[in-house]
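Numbering (my numbering), first residue to last: 18 to 194.
For reference, the structure is listed below as structure tokens.
Okay, here's the thing in structure tokens:
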């Protein structure tokens with residue numbers, strides 16, 4: 018959602034120019050760097066990759082929702098640290114997936130991941146741009162400029178359920194009580 022709609026969204030909702038959008042994206046980039054350089058490794062060491070993955074997804078759910086709800090530019094800026102948690106997603110996911118695959122099949126795993134990223138790279142921009150256009154257009158329906166972010170948040174909620182289930186360890190079953 019960010020690459021396909023953020024510039025349009027910020028221009029439409031807040032009247033931001035290219036400089037303001039660029040500064041916002043720079044802030045997001047700095048948060049990404051700080052998260053990956055300072056937080057991911059100690060977080061994973063203390064809580065594990067599963068907790069990092071689920072925390073990242075929770076950060077994305079909340080961050081996207083806050084982006085969509087932010088009525089002002091300062092409110093949007095204030096939501097960046099919440100969204101920054103999402104930057105733990107890829108390292109945690111890669112670690113979890115790599116640990117489940119034999120060393121001789123790592124290439125297949127990375128190839129499959131690359132294919133999925135390619136497919137989503139084609140579908141995502143159209144889906145989110147069309148959602149944004151639909152909810153700001155003159156169709157007579159409700160005007161919800163943050164609709165694309167709400168859709169992203171909902172999709173991440175589905176991802177949370179899938180990640181929770183896929184990473185759950187089998188519980189040992191004892192004798193019936």
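Where is the CB? At the ideal position from N, CA and C, for every residue including glycine.
From a predicted model like this one, the values you see are computed outputs, not experimental measurements.
Cut-off 8 Å between Cβ atoms - residues of its own chain near residue i, not counting five sequence neighbours on either side
{"i": "residue 192", "result": "With a pLDDT of 47 at residue 192, under the threshold of 50, the predicted position of this residue should be treated as unreliable, though the coordinate-derived value follows. So no residue of the chain qualifies."}
{"i": "residue 146", "result": "21, 22, 25 and 165"}
Collapsed DSSP secondary structure at residue i in the structure displayed
{"i": "residue 118", "result": "coil"}
{"i": "residue 18", "result": "coil"}
{"i": "residue 176", "result": "helix"}
{"i": "residue 196", "result": "Residue numbering for the chain in the displayed model covers 18 to 194; residue 196 lies beyond these limits and cannot be assessed."}
{"i": "residue 32", "result": "coil"}
{"i": "residue 95", "result": "helix"}
{"i": "residue 171", "result": "helix"}
{"i": "residue 155", "result": "coil"}
{"i": "residue 142", "result": "helix"}
{"i": "residue 131", "result": "helix"}
{"i": "residue 181", "result": "helix"}
{"i": "residue 45", "result": "helix"}
{"i": "residue 56", "result": "helix"}
{"i": "residue 108", "result": "helix"}
Per-residue burial, residue i [other beta carbons within 10 Å of its own, 16 or more giving buried]
{"i": "residue 80", "result": "buried"}
{"i": "residue 71", "result": "buried"}
{"i": "residue 73", "result": "buried"}
{"i": "residue 47", "result": "exposed"}
{"i": "residue 54", "result": "exposed"}
{"i": "residue 148", "result": "buried"}
{"i": "residue 29", "result": "exposed"}
{"i": "residue 27", "result": "buried"}
{"i": "residue 96", "result": "buried"}
Nonlocal neighbours in the same chain, by C-beta distance under 6 Å from residue i, ignoring five residues either side
{"i": "residue 169", "result": "18 and 81"}
{"i": "residue 78", "result": "170, 173 and 174"}
Range of the contiguous alpha helix (DSSP H) that encloses residue i
{"i": "residue 86", "result": "66–86"}
Cut-off 7 Å between Cβ atoms - residues of its own chain near residue i, not counting five sequence neighbours on either side
{"i": "residue 86", "result": "163"}
{"i": "residue 114", "result": "126"}
Any 3 or more C-beta pairs closer than 8 Å across the stretch 130–137 and the stretch 89–104: Three or more beta-carbon pairs separated by less than 8 Å are not found between the stretch 130–137 and the stretch 89–104, which leaves the two stretches without contact.
Stretch pair the stretch 107–121 + the stretch 60–71: three plus CB contacts closer than 8 Å: Judged by pairs of C-beta atoms under 8 Å, the stretch 107–121 touches the stretch 60–71, as three or more such pairs exist.
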